[in-house]
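Numbering of the sequence shown is given in this note's numbering, commencing with residue 127 and proceeding in unit increments.
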Amino acid sequence: MNLFASVHDVTDIHQLVSSAISLKKKPYLDEQLGKHKTLGLIFLNPSLRTRLSTQKAALNLGMQVMVMNLDKEGWALETQDGVVMNGTTVEHIREAAGVMGEYCDIIGFRSFPSLVDREDDYAETIFNKFVKFCGVPVVSLESATRHPLQSLADLITIEELKKTAKPKVVLTWAPHVKPLPQAVANSFAEWMNKTDYDFVITHPKGYDLSPEFAGKAKFTNKQDEALANADFVYVKNWSSYNDYGKILTDGEGWMMTNEKLKLTNNAGVMHCLPVRRGLELSHEILDGPNSLVLNQANNRVWAAQAVLKNILLSC
Ligand code: CP
127 MNLFASVHDV TDIHQLVSSA ISLKKKPYLD EQLGKHKTLG LIFLNPSLRT RLSTQKAALN
187 LGMQVMVMNL DKEGWALETQ DGVVMNGTTV EHIREAAGVM GEYCDIIGFR SFPSLVDRED
247 DYAETIFNKF VKFCGVPVVS LESATRHPLQ SLADLITIEE LKKTAKPKVV LTWAPHVKPL
307 PQAVANSFAE WMNKTDYDFV ITHPKGYDLS PEFAGKAKFT NKQDEALANA DFVYVKNWSS
367 YNDYGKILTD GEGWMMTNEK LKLTNNAGVM HCLPVRRGLE LSHEILDGPN SLVLNQANNR
427 VWAAQAVLKN ILLSC
């Protein structure tokens, strides 16, 4: 593997999950593999989990890690081609990415969508330019439309905790006060569609995911119907794809609560974090025994380590 941008870059997801679970048991087994190799972690947007878990994963593999919040610490970046740079931008992504490729063996890159220009966001213009011009293997730390390291960690969490071979997994939309990307929901759906789980998506009218990501998932606008006998409930807000980047409802009644949990098969409740308490998810769920949010956060390390190991083995 020399690119990890989506599930489509993975030859065998079951093997990748097994590798992550093995690394969780023996984190330092491959500590020589990354010796004298450098990972650059480049962020155009904030991060807690992705930054720290990927850094820890690289250190476990013996790599050196450099982190840069490019939006705050770098020169103002130009991403359009062919423009005369006589305005506020100082450095073009062609040179910036190329330079980073000179210093790093692998680069992790985070670039959120504009939520203004759907065509541009869904073409992954900035992420793809970075990949093209840096010239070294790239791991997505969340792009405009996908968050594959999160989805891999989510799949690991379900595989570790499932009690039946084909659990019922429900992705439910949750309320939020800000328009958020579709990336986590898209990506989770894309990875779930690669499994043989009973996968259901539920959301209010107008929040359909792009068919490219929703794929073969079952769908209902009735949250209660979706939650019936669920083994895992993944809670996440996203803004509208059709009315691009817009909030269409305050989502009253869509927050996941203990009352709704009674409809499920004592489901594990998942969220990628950060989460808005009392808005997306109730305090009682987050503080209760069904919450899996820390399991997911823990598995971010092993997901990243399995991906970095795979790339190091192909370098
Ligand atoms: N879940 C996740 O990606 O968290 P951060 O944005 O804090 O990295």
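From the three backbone atoms N, C-alpha and C, an ideal C-beta is built for every residue, glycine too. This one's a predicted model, so the numbers in the text were calculated from it and none came from an experiment.
In three-state terms, what does DSSP make of residue i?
i, result
"F235", "strand"
"S269", "coil"
"S440", "helix"
"K386", "helix"
"I373", "coil"
"G414", "coil"
"V143", "helix"
"G227", "helix"
"T251", "helix"
"L434", "helix"
"V136", "coil"
"T283", "helix"
"L420", "helix"
"V264", "strand"
"K292", "coil"
"K78", "The structure shown does not extend to residue 78, since the chain spans only 127 to 441, so no value can be given for it."
"R403", "strand"
"V359", "strand"
"V427", "helix"
"V395", "strand"
"L241", "coil"
Report buried or exposed for residue i, applying the criterion of at least 16 other Cβ atoms within 10 angstroms of its Cβ.
i, result
"G394", "buried"
"A340", "buried"
"P172", "exposed"
"P239", "buried"
"T494", "With the chain covering only 127 through 441, there is no way to say anything about residue 494."
"S269", "buried"
"D357", "buried"
"A291", "exposed"
"D207", "exposed"
"K348", "exposed"
"V262", "buried"
"L439", "exposed"
"Y451", "The structure shown does not extend to residue 451, since the chain spans only 127 to 441, so no value can be given for it."
"K289", "exposed"
"P415", "exposed"
"C441", "exposed"
"V401", "buried"
"A184", "buried"
Could you give the C-beta distance for residue i and residue j, rounded to a whole number, given that I count them as a contact under 8 angstroms?
i, j, result
"I232", "V193", "So it is not a contact: roughly 13 angstroms between Cβ atoms."
"Q181", "L167", "7 angstroms"
"A300", "Q422", "That belief does not hold up - the Cβ atoms of A300 and Q422 are roughly 15 angstroms apart, past 8 angstroms."
"R272", "N312", "6 angstroms"
"T328", "T298", "5 angstroms"
"L267", "G224", "Going by Cβ atoms, the distance from L267 to G224 rounds to 19 angstroms, so no, they are not a contact pair."
"A352", "A315", "Incorrect: roughly 14 angstroms between the Cβ atoms, too far for contact."
"C230", "L275", "About 17 angstroms separates the two Cβ atoms, so there is no contact after all."
Please tell me whether, using a cut-off of 7 angstroms, the distance from the CB of residue i to the nearest non-hydrogen atom of the ligand NAP is below it.
i, result
"S269", "For the structure depicted, the ligand NAP is absent and the ligand set comprises only the ligand CP."
For a cutoff of 8 angstroms on Cβ pairs, would you count residue i as touching chain D?
i, result
"E245", "This model lacks chain D altogether; it includes just one protein chain."
Q) Counting pairs of Cβ atoms below 8 angstroms between the segment 145-161 and the segment 400-416, do you hit three or more? A) no
Q. Which runs of the beta strand (DSSP E) spanning at least 3 residues fall entirely within the segment 150-223, listed in chain order?
A. Secondary structure remark: continuous beta strand (DSSP E) runs of at least 3 residues inside the segment 150-223, in chain order: 164-169, 190-195.
(Q) Any contact between the segment 198-210 and the segment 137-153? By contact I mean 3 or more CB pairs, one from each, below 8 angstroms. (A) Contact between the segment 198-210 and the segment 137-153 is absent, because fewer than three Cβ pairs lie under 8 angstroms.
Q. Which ranges does the alpha helix (DSSP H) cover as unbroken runs of at least 4 residues, wholly within the segment 300-341, from first to last along the chain?
A. 309-318, 337-340
Q: State whether the segment 360-368 contacts the segment 302-317, with contact taken as three or more CB pairs (one from each stretch) at a distance under 8 angstroms.
A: yes
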